[in-house]
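Undergrad: Below you'll find the structure I mean.
Residue numbers (UniProt numbering), protein chains in the order written: chain A, 1 to 302; chain B, 1 to 302.
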C-alpha cells in the first residue's frame, strides 16, 4: 500500500445530497449544514448549485444559501454550475469556488446538461473566462452511464485532456451511478496525471453498490488530492435512475484516519453533524454507518 | 494494484448471519439457504455452529440442518465449533470442514468461549486430534476488541504462530466488530504468511463502519485465499455489542469481478438469493446494496 498522506475532503452534501432528498431543508438549515461542516474542519463545502430552479427545485434558493454562509479564511464556499448563466449567478452571489460538469456519455449529457459533450467543452471555455474564482470540472459518468453502459477509459482521459488546457484548477472523476471498482479508479487517477499535468485531481464516489469506500482508498493510493463526501452518506442524482448516496463524510474520515491519512477533520463533530442532519431529514437512519456504530477507541491516527 | 486472480468466497450467512437475526428460519429454510448458495457457485458454506443451544438458540438445530444439506462434490458443508464437544457433535453429523475460534483478547475470549486464550489454544490441539475433516482457526477480534480496544498486531501474529503448527488447514483473520482499516489488513495478511507458512489464509470482515469492502480489497491485494461473506450482508455477533452485518456475498462478488478477480460465483443467482433471504427474514431491506441497485451491464469480468 502507498504511504499515507493528507487528502482534502470536500463536503458536497448540501448540493449533491439535498438535491435528491424528498424532504427539503429550509434555507437557514442549508446554511447551518455548511457552517457545521466548516466547524468540523472541512475546508471546502459545495453549498448549492446554480441551476434552473425548474430542473432542481431543491436548489432554487441558491443565492440565499450563499448569502447565509459567511465567508472567511479556510471556508471555501463552492457551488455547482452547469453553464455560463450559472457562473454569472454564482459570481453575483459571491461564491469562492466553482465546480462544473462534463458528462462522459452523450445520452446522460443531454439529460443532465441539455447539451452535447462537445457543446459542454465549448461552454466550459466560456465559463472559465467569465469566472472570477477557480473553476473545476467534474467528469460525470466517468465509470459508467445508466443509459449507455460502459464508458471507455480512454474517452474519459481524452475529455480530461481537452479541458485541462482551458485554465481550470481541478478535474474530478465522478462515479455518478456507483458502478466503479478500484482497479479502474487507480488507472483513471493515474491517467489524469498524464493528460492533465498540474491540474488538481479529485474524485466523487457513490456507494450504490458498496464499492464507494474501496474506490476512495484506491484513489488515495493513486495520489488523489481531494475526495467528495456527504454527511450521513445522503445523496443521489435526479437524472440518474437508482443512483444512491455519496460516501459518508464521517465514514470516509474514519477509514482514512485509520490508514494514517490526514484530513484535518474532527470525527466526533462529523458524527454529531450526521445526527443533526438525520433529525432535519425526518429521523430515518441515513446510509452512513459511523453515527450508529460509533467511533472506536483504537489506535487510530488523527 | 496487485494482479487479479481467483479468491474463494465462503458463505457464512447461515451461521454468522442467522445467529444474530431476530427472526429465526426454519430448519428446512436454513438448509435451502445453504443449497441456494451452492447452486450459485459457492464451494463452501458455513451451514451452522455446534455450540451450546442455550448460548445461541438460533443454532439449536445444527444436526438437523447438516442432515438437510446433501453432501456432494464441490459442496463443502462447514460448521463452526468452539470446543471438543462441538467437534464431536459435528463429526457425528458428518460435516466436511470445521472452523473454530481463537479470540485475540482475553475479555472477549471469556465472553464468547468461556475460556482463556491459552486454554483455547490447548483445546484447539485436542480439536484437531479429534476431527476427521480439515479444521481452520478464526482469530476473532483480530482488528480490535469491543471491551479491550486496540489489539496489538504482534499479538495476533503470535497467536497465529502458536496454532499454525497444530495441524490446522487455514487461519482466518476476523474483524468481529468492524473497526479494521486496509493498511492493517495488508500488514496482518502479509504477516500471516510469515508466521504460518503453508496454512491457507482467510479473512472475515464486517461492514459495521463501512470499511468492510475496502478491507476485502486490501486482503485480496495481499494474497488472501478466501473471504467470508453473507447473503444480503446479514449478521452480527451476539456477544459483540453493536456489531453489524458481514460484507454481502453479492456486493463482494460484484466488486471482485469488477477488478477481474475470479470467484466462480453467478452474480445473478446471488442477487436472487438475497431477495429470497430478505423475504424469509420479514421483507425489510437487508444491508447489501446490489439487490436494490442491480448488477450493471458494464465491462465486468465474469
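By construction, the Cβ of each residue, glycine as well, lies at the ideal position given by its N, Cα and C atoms.
Source: prediction; values computed, not measured.
1) How many Å lie between residue 202 of chain B and residue 180 of chain B at the Cα?
2) Taking just the CA atoms, how far does residue 226 of chain B sit from residue 37 of chain B?
3) In chain B, what lies closer than 9 Å to residue 35 of chain A by C-beta?
4) Just the chain A side, please: which residues come within less than 7 Å of residue 297 of chain B by C-beta, in chain order?
5) Cα separation between residue 292 of chain B and residue 18 of chain B?
6) Which residues bound the beta strand (DSSP E) around residue 228 of chain B?
7) I think residue 232 of chain A touches residue 265 of chain A, with their Cβ atoms under 8 Å apart; what is that distance to the nearest whole Å?
8) What's the gap between the Cα of residue 70 of chain B and the Cα of residue 177 of chain B?
9) For residue 17 of chain A, does the three-state DSSP call read helix, strand or coil?
10) Please report the Cβ distance between residue 45 of chain A and residue 98 of chain A, rounded to the nearest whole angstrom; I am assuming they are in contact, meaning their Cβ atoms lie under 8 Å.
11) Which residues in chain A sit within 9 Å of residue 251 of chain B, going by Cβ to Cβ distance?
12) Between the alpha carbons of residue 220 of chain B and residue 213 of chain A, how many angstroms are there, rounded?
13) How is the alpha helix (DSSP H) around residue 63 of chain A delimited, first residue to last?
14) Between residue 29 of chain B and chain A, is any beta-carbon pair separated by less than 7 Å?
15) Would you call the region 95 to 111 of chain B in contact with the region 127 to 146 of chain B, where contact means no fewer than 3 C-beta pairs closer than 8 Å?
16) For residue 99 of chain B, which residues does DSSP report across the bridge?
17) In the DSSP assignment, find the alpha helix (DSSP H) that holds residue 151 of chain B and state where it starts and stops.
18) Below 8 Å on the Cβ atoms is my guess for residue 93 of chain B versus residue 63 of chain B; work out the distance and round it to an integer in Å.
19) Closest by CA to residue 258 of chain B, which one among B:52, B:91 and B:217?
20) Note down, in chain order, every chain A residue with its Cβ under 8 Å from the Cβ of residue 277 of chain B.
21) Near residue 246 of chain A, which residues of its chain fall below 8 Å by C-beta distance, leaving aside the five closest residues on each side in sequence?
22) Got a sec, what are the start and stop residues for the alpha helix (DSSP H) residue 310 of chain B sits in?
23) Just the C-alpha distance for residue 105 of chain B and residue 148 of chain B, rounded to the nearest angstrom, thanks.
24) Would you call residue 72 of chain B buried or exposed, if buried means 16 or more other Cβ atoms sit within 10 Å of its Cβ?
25) Using a C-beta to C-beta distance shorter than 8 Å, which residues of chain A count as neighbours of residue 103 of chain B?
26) Going by DSSP, what residues sit across from residue 205 of chain B in a beta bridge?
27) Using a C-beta to C-beta distance shorter than 9 Å, which residues of chain B count as neighbours of residue 244 of chain A?
28) Could you give the distance in angstroms between the alpha-carbon of residue 110 of chain B and the alpha-carbon of residue 125 of chain B?
29) Of the residues B:256, B:42, B:144 and B:83, which one's Cα is nearest the Cα of residue 129 of chain B?
30) If the cut is a Cβ gap below 7 Å, which residues of chain B does residue 214 of chain A touch?
31) State the Cα-Cα distance for the pair residue 267 of chain B and residue 30 of chain A, rounded to the nearest angstrom.
32) Using a Cβ cut-off of 7 Å (strictly closer), state whether residue 301 of chain A contacts chain B.
33) Under 7 Å between the Cβ atoms of residue 215 of chain B and residue 251 of chain A?
34) According to DSSP, which residues form a beta bridge with residue 50 of chain B?
35) Which residues mark the beginning and the end of the alpha helix (DSSP H) in which residue 9 of chain B is found?
TA: Walking through what the data contain:
1) The sequence position of residue 202 of chain B within the second chain is 202, counting from 1. The sequence position of residue 180 of chain B within the second chain is 180, counting from 1. Cα-Cα distance, rounded: 15 Å.
2) One-based indexing of the second chain puts residue 37 of chain B at position 37. One-based indexing of the second chain puts residue 226 of chain B at position 226. For residue 37 of chain B and residue 226 of chain B, the distance between alpha carbons rounds to 16 Å.
3) If you number the first chain from 1, residue 35 of chain A lands on position 35. The premise fails here: residue 35 of chain A is roughly 25 Å from chain B at the closest Cβ pair, so nothing lies under 9 Å.
4) Taking the first residue of the second chain as 1, we reach residue 297 of chain B at position 297. Residues of chain A whose Cβ lies closer than 7 Å to the Cβ of residue 297 of chain B are, in chain order, 149.
5) Along the second chain, one-based indexing puts residue 292 of chain B at 292. Along the second chain, one-based indexing puts residue 18 of chain B at 18. Taking the Cα positions, residue 292 of chain B is about 21 Å away from residue 18 of chain B.
6) Start at 1 with the first residue of the second chain, and residue 228 of chain B comes out as number 228. Here the beta strand (DSSP E) through residue 228 of chain B covers 226 to 229.
7) Residue mapping note: residue 232 of chain A aligns to position 232 of the first chain, counting from 1. Residue mapping note: residue 265 of chain A aligns to position 265 of the first chain, counting from 1. Taking 8 Å as the upper bound for CB-CB distance, residue 232 of chain A and residue 265 of chain A are not in contact here, some 14 Å apart.
8) Taking the second chain and counting its residues from 1, the one referred to as residue 70 of chain B is at position 70. Taking the second chain and counting its residues from 1, the one referred to as residue 177 of chain B is at position 177. One C-alpha to the other measures close to 33 Å.
9) Locating residue 17 of chain A in the first chain gives position 17, where the first residue counts as 1. Residue 17 of chain A: helix per DSSP, three-state reduction.
10) Here residue 45 of chain A refers to the residue found at position 45 when the first chain is read from its first residue. Here residue 98 of chain A refers to the residue found at position 98 when the first chain is read from its first residue. For a cut-off of 8 Å, the C-beta gap from residue 45 of chain A to residue 98 of chain A is around 13 Å, too long to register as a contact.
11) The count along the second chain starts at 1 and reaches residue 251 of chain B at position 251. Going along chain A in sequence order, the residues near residue 251 of chain B (Cβ under 9 Å) are 209, 210 and 211.
12) Your numbering for residue 220 of chain B matches position 220 in the second chain. Your numbering for residue 213 of chain A matches position 213 in the first chain. Distance between the alpha carbons of residue 220 of chain B and residue 213 of chain A: 15 Å.
13) Residue 63 of chain A sits at position 63 when you count from the first residue of the first chain. Here the alpha helix (DSSP H) through residue 63 of chain A covers 62 to 68.
14) For the purposes of this step, residue 29 of chain B is taken as residue 29 along the second chain, with counting starting at 1. So, not an interface residue.
15) Yes: at least three Cβ pairs fall under 8 Å.
16) Taking the second chain and counting its residues from 1, the one referred to as residue 99 of chain B is at position 99. Answer is B:80 and B:136, bridged to residue 99 of chain B.
17) The residue given as residue 151 of chain B occupies position 151 in the second chain. No alpha helix (DSSP H) contains residue 151 of chain B, which DSSP labels as neither H nor E.
18) The sequence position of residue 93 of chain B within the second chain is 93, counting from 1. The sequence position of residue 63 of chain B within the second chain is 63, counting from 1. About 5 Å separates the beta carbon of residue 93 of chain B from that of residue 63 of chain B, a gap short enough to meet the 8 Å contact definition.
19) Translated into the one-based positions of the second chain, residue 258 of chain B becomes position 258. Ranked by how close their Cα comes to the Cα of residue 258 of chain B, the residues B:52, B:91 and B:217 have B:217 in first place.
20) Here residue 277 of chain B refers to the residue found at position 277 when the second chain is read from its first residue. For residue 277 of chain B, none of the residues of chain A pass the 8 Å Cβ criterion, the least Cβ distance being about 16 Å.
21) Residue numbering aside, residue 246 of chain A sits at position 246 when the first chain is read from its first letter. The beta carbon of residue 246 of chain A sits closer than 8 Å to those of 12, 13, 16, 17, 204, 205, 206, 207, 212, 228, 229, 230, 233, 234 and 235, all from its chain and outside the five residues before and after it, given in chain order.
22) Nothing about residue 310 of chain B can be reported from this structure: the residues present for chain B run from 1 to 302 only.
23) As a working mapping, residue 105 of chain B is identified with position 105 in the second chain. As a working mapping, residue 148 of chain B is identified with position 148 in the second chain. Near 7 Å, if we compare the C-alpha coordinates of residue 148 of chain B and residue 105 of chain B.
24) As a first step, residue 72 of chain B must be located in the second chain, where it is residue number 72. Classification of residue 72 of chain B: exposed, given that the 10 Å Cβ count is below 16.
25) Walking along the second chain from the start, residue 103 of chain B turns up at place 103. Ordered by position in chain A, no residue passes the 8 Å Cβ test against residue 103 of chain B, which lies about 16 Å from the chain.
26) Position 205 of the second chain, counted from the first residue, corresponds to residue 205 of chain B. Paired residue(s): B:175.
27) The residue labelled residue 244 of chain A in the question sits at position 244 within the first chain. Below the 9 Å Cβ cutoff, chain B contributes 289, 292 and 293 as neighbours of residue 244 of chain A, in chain order.
28) Here residue 110 of chain B refers to the residue found at position 110 when the second chain is read from its first residue. Here residue 125 of chain B refers to the residue found at position 125 when the second chain is read from its first residue. C-alpha of residue 110 of chain B to C-alpha of residue 125 of chain B: approximately 19 Å in a straight line.
29) Indexing the second chain from 1 puts residue 129 of chain B at position 129. The residue with the shortest Cα to Cα distance from residue 129 of chain B is B:83.
30) Working through the first chain from its first residue, we reach residue 214 of chain A at position 214. 213, 214, 217 and 255, listed in chain order.
31) Numbered from 1 along the second chain, position 267 holds the residue referred to as residue 267 of chain B. Numbered from 1 along the first chain, position 30 holds the residue referred to as residue 30 of chain A. Roughly 40 Å separates the two Cα atoms.
32) Reading the first chain from its first residue, position 301 is the one you call residue 301 of chain A. For residue 301 of chain A, the pLDDT reaches just 35, beneath the cut-off of 50, and the residue's location in the model is therefore unreliable, although a value from the coordinates is still provided. Output row for residue 301 of chain A: interface = no.
33) Walking along the second chain from the start, residue 215 of chain B turns up at place 215. Walking along the first chain from the start, residue 251 of chain A turns up at place 251. Cβ atoms of residue 215 of chain B and residue 251 of chain A: not closer than 7 Å.
34) The residue labelled residue 50 of chain B in the question sits at position 50 within the second chain. DSSP links residue 50 of chain B through a beta bridge to B:81.
35) Counting from 1 along the second chain, the entry for residue 9 of chain B is found at position 9. Premise fails: residue 9 of chain B lies in the beta strand (DSSP E), 8 to 11, not in any alpha helix (DSSP H).
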